[in-house]
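Enquirer:
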Amino acid sequence: MTYNFDEPVDRQGTSCVKYDSRKDVFGTDSVIPMWVADMDFKSPPFVIEALRQRLDHEILGYTIRREEYFSSLRKWVERRHSWEINEDWISFSPGIVPALNICTLAYTDRGDGIIIQPPVYFPFYNAVTDHGRRLVYNQLIENDGKWEIDFGKLKKKASEGARMLFLCNPHNPVGRSWTKHEMETIAGICADNNILIISDEIHSDLVLPPYRHTPLACLSPDIADITLTCMAPSKTFNLAGLSTSSMIISNPELKKKFDSIIESLHISGGNIFGTEASIAAYTHGDEWLDSMLDYININVEYVVKELQETKLIRPVPPEATYMIWLDCREMGMDTGELNKFFIYKAGVGMSKGTVFGPGGEGFMRMNIACPLDTLKRAIDNIKNALLKL
1 MTYNFDEPVD
11 RQGTSCVKYD
21 SRKDVFGTDS
31 VIPMWVADMD
41 FKSPPFVIEA
51 LRQRLDHEIL
61 GYTIRREEYF
71 SSLRKWVERR
81 HSWEINEDWI
91 SFSPGIVPAL
101 NICTLAYTDR
111 GDGIIIQPPV
121 YFPFYNAVTD
131 HGRRLVYNQL
141 IENDGKWEID
151 FGKLKKKASE
161 GARMLFLCNP
171 HNPVGRSWTK
181 HEMETIAGIC
191 ADNNILIISD
201 EIHSDLVLPP
211 YRHTPLACLS
221 PDIADITLTC
231 MAPSKTFNLA
241 GLSTSSMIIS
251 NPELKKKFDS
261 IIESLHISGG
271 NIFGTEASIA
281 AYTHGDEWLD
291 SMLDYININV
301 EYVVKELQET
311 KLIRPVPPEA
321 TYMIWLDCRE
331 MGMDTGELNK
341 FFIYKAGVGM
351 SKGTVFGPGG
361 EGFMRMNIAC
371 PLDTLKRAID
381 NIKNALLKL
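The sequence shown begins at 1 in my numbering and counts up by one.
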């Protein structure tokens, strides 16, 4: 089947965060929004059809999560990531960010240290500090445009009493898909220091060829025993509004603790549409996803080629995700100046690098999950604005 990712879809006036929050976020509606991480592509037709079929029943009462919810995810991770899991390892969460917060509450105490590796997805910070836990920074190293983990410092930080590590795998915003060797090193350090790993793998399905995603927990039973894996169909199939994600937890003790908090908050039920969408996506989504990733690759190549020519913006080619990390340090502007330049001179709304923490200074994050024509307009705007500097 052929899917049309070139088709423009007007999202304005649909309570869409990306479009309908522009005035609040950027101070103006007159920007091409390329910030929050959802796609301007239609959700897959087989997902929409599954939701329509459920609506045809015309009763939306209390529901249970049927067996296909678990089996479809189990088969998906085996097909896509060569990871064999048991269905009884799967727990529901209404989102990855809620899951991070639940893990903080379940497995740490006030004052405990939790390691994060900035620049990193900003909710990681709040999932630590909002509960009286202590942020422990192991800042990534930039090496000629490629971002790497500082294993020497990680080993030191781990030995100083941290209880947990939030791993972003693949990493948002720098676009790295960590190699098997890198993950084995992380896991070894954590195992040696009795540190639990919360592996946020929400972007795992968005690894771009020729790279491949390896789930951390599939490396060995011992690593799986200290790892909780976060997965969701939301980024992959543009379903963020359905608030449905899963935790894969093979350690029964850890799973029991996680589930007990979910149940105590009375959020274990989820919603009818999230369940149906997840089943449809994981059952029928392979061809659509492969086509979408091919399209994202075209967008990546376009952005990299066009912006490299400016000499002032150096795009970091992503190994995964549909975001591109833009190195704007040659422009010689601070964060406020950069933000104003892109909003008011280029008419493009992106995420400031500094919201991702230390290491984000001089960078912007661009969401390129949009029709190529939209992307071309944004890049043309940026290039024309640069010429006027």
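For every residue, glycine included, the Cβ atom is placed at its ideal position computed from N, Cα and C. The structure presented is a predicted model; accordingly, all values stated were derived computationally and were not measured.
Does the beta-carbon of K180 have 16 or more other beta-carbons within 10 angstroms, so that it is buried, or is it exposed?
Expert: So K180 ends up on the exposed side.
Enquirer: According to DSSP, simplified to helix, strand and coil, what is M39?
Expert: It is coil, neither helix nor strand.
Enquirer: I think N193 touches S159, with their Cβ atoms under 8 Å apart; what is that distance to the nearest whole Å?
Expert: With a Cβ gap of about 6 Å, N193 and S159 count as contacting.
Enquirer: If I measure Cβ to Cβ from N381 and keep anything under 8 Å in the same chain, skipping five residues before and after, which residues do I get?
Expert: Only I32, A346, G347 and V348 meet the Cβ criterion.
Enquirer: Sort M323, L312, W35 and T354 by Cα distance to W388 and report the nearest one.
Expert: What sits at residue 388 in the sequence shown is Lys, not Trp. Among M323, L312, W35 and T354, the Cα nearest to that of K388 belongs to L312.
Enquirer: Among the residues of its own chain, which have a CB less than 7 Å from the CB of S177, if the five just before and after it don't count?
Expert: Taken in chain order, the residues that qualify are P170, V207, Y211, H213, E319 and A320.
Enquirer: Confirm, please, whether the CB-CB distance from K255 to S91 is below 8 Å.
Expert: Yes; because the gap between Cβ atoms is below 8 Å, this pair is in contact.
Enquirer: Taking the DSSP output, what are the residues bridged to F237?
Expert: None, per the DSSP bridge assignment.
Enquirer: Between the Cα of I368 and the Cα atoms of F356, T354 and I324, which residue gives the shortest distance?
Expert: The candidate whose alpha carbon is nearest that of I368 is I324.
Enquirer: Helix, strand or coil: how does DSSP classify V365 here?
Expert: A quick correction: the sequence has Arg, not Val, at residue 365. In this structure, R365 counts as strand in the three-state DSSP scheme.
Enquirer: Expressed to the nearest angstrom, what Euclidean distance is found between the alpha-carbon atoms of G285 and P44?
Expert: Rounded to whole angstroms, G285 to P44 spans 8 Å at the Cα level.
Enquirer: Does the beta-carbon of N86 have 16 or more other beta-carbons within 10 angstroms, so that it is buried, or is it exposed?
Expert: When all chains shown are included, N86 counts as exposed.
Enquirer: Would you mind giving the Cβ-Cβ distance between V304 and L375, rounded to the nearest angstrom? I have them listed as a contact below 8 Å.
Expert: Not quite, the Cβ-Cβ distance comes to about 12 Å (not below 8 Å), so this is no contact.
Enquirer: R134 bridges to which residues according to DSSP?
Expert: In DSSP, R134 forms a bridge with G113.
Enquirer: What residue ranges within the segment 249–312 form continuous alpha helix (DSSP H) runs of no fewer than 4 residues, ordered along the chain?
Expert: Entirely contained in the segment 249–312, the alpha helix (DSSP H) runs reaching 4 residues are, in chain order, 252–264, 272–284 and 286–308.
Enquirer: So if DSSP puts I186 in a beta bridge, which residue, or which two residues, is it bridged to?
Expert: Answer is none; I186 lacks a bridge partner.
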